[in-house]
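Chemist: In this note's numbering, the protein residues as written are 1069 to 1297.
No residue lacks a Cβ here, since even glycine has one placed at the ideal position from N, Cα and C.
Right, here's the structure in full:
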C-alpha cells in the first residue's frame, strides 16, 4: 500500500450567515499558520490551532508521548464501547457497518457544552500503517446521509479527525490527534473555542491513563508491525 490516505470524497462546503452554518460545496481549506494555544509540561500535552477559510471554527492538532505498543494504541481507539469513557465529549459510538478489521462506519454522538444541543454524525474510519516508517494513521471523515437524528441532536455537516501514532525509541510513541468539525445550527464563539481546546486536551490526558491497561498492551494485530518492540 502507498503511504497516503485514500480519503472518502465529501462534496461539501460551509458558508457563514451570522453564526448559522449552511452546507453547500467542498470542505473549507486552512488559511493560516498553526498557533500554539496550550503547552502543558505537567501533562506533556501541546495543542495548536489554525484558521479555516470561511468559518470562525479552527482546526486543532494536539501532541503527546506515551509508552505503548502500536497495537495497544490501535486497540484503544478501536474499542468503541470504551471510547465514551475517555474520549472527551464523545457520548456514544455505535458501529453501523464493518468493511474489514480496520475499516468501518460508526454513528457518533458528540456532547455539546450546556445549553447547546448535542451533535451527531456518521464517520467512516480507516486505518493505515506506513510500511517504511511504521507510523499508524487512523482517519475518520463524516459521511452524508444516514438514518434520522436522535432526539435532541443536531447533525454535523462535516467532521474529520486523524489519530497518528509515530513509533520512537524505547517503546515510546508520539501521539498526534488532529481534528476539524462544523457543528451545524447556531453556535456561539465561546462554545466553539471551548471545544476546540478542551476536546483534544481532555482526550489525550485520558488516553495516557487508559493506554496503561493490560487489555490494550496485550493486544496484537496481524496487520500492525511493531517497529520498536
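#1: For residue 1287, which residues of its own chain have a beta-carbon under 8 Å away from its beta-carbon, when the five flanking residues on both sides are left out?
#2: Select from 1213, 1265, 1119 and 1280 the residue whose C-alpha is nearest the C-alpha of residue 1245.
#3: Rounded to whole angstroms, how far is the Cβ of residue 1273 from the Cβ of residue 1106, which I believe are closer than 8 Å?
#4: Just tell me which of 1241, 1168, 1148 and 1282 has its CA closest to the CA of residue 1175.
#5: So the candidates are 1168, 1100, 1171 and 1292; which of them puts its Cα closest to the Cα of residue 1235?
#6: By the 10 Å Cβ neighbour count, where 16 or more other Cβ atoms means buried, how is residue 1166 classified, buried or exposed?
#7: Name the DSSP bridge partner or partners of residue 1208?
#8: Closest by CA to residue 1230, which one among 1203, 1213 and 1253?
#9: Apart from the five residues just before and just after residue 1154, which ones in its own chain have a Cβ nearer than 6 Å to its Cβ?
Modeler: Once the coordinates are examined:
#1: 1137, 1139, 1140, 1142 and 1143
#2: 1265
#3: That pair is no contact at about 11 Å.
#4: 1148
#5: 1292
#6: exposed
#7: Paired residue(s): 1193 and 1229.
#8: 1203
#9: 1274 and 1278
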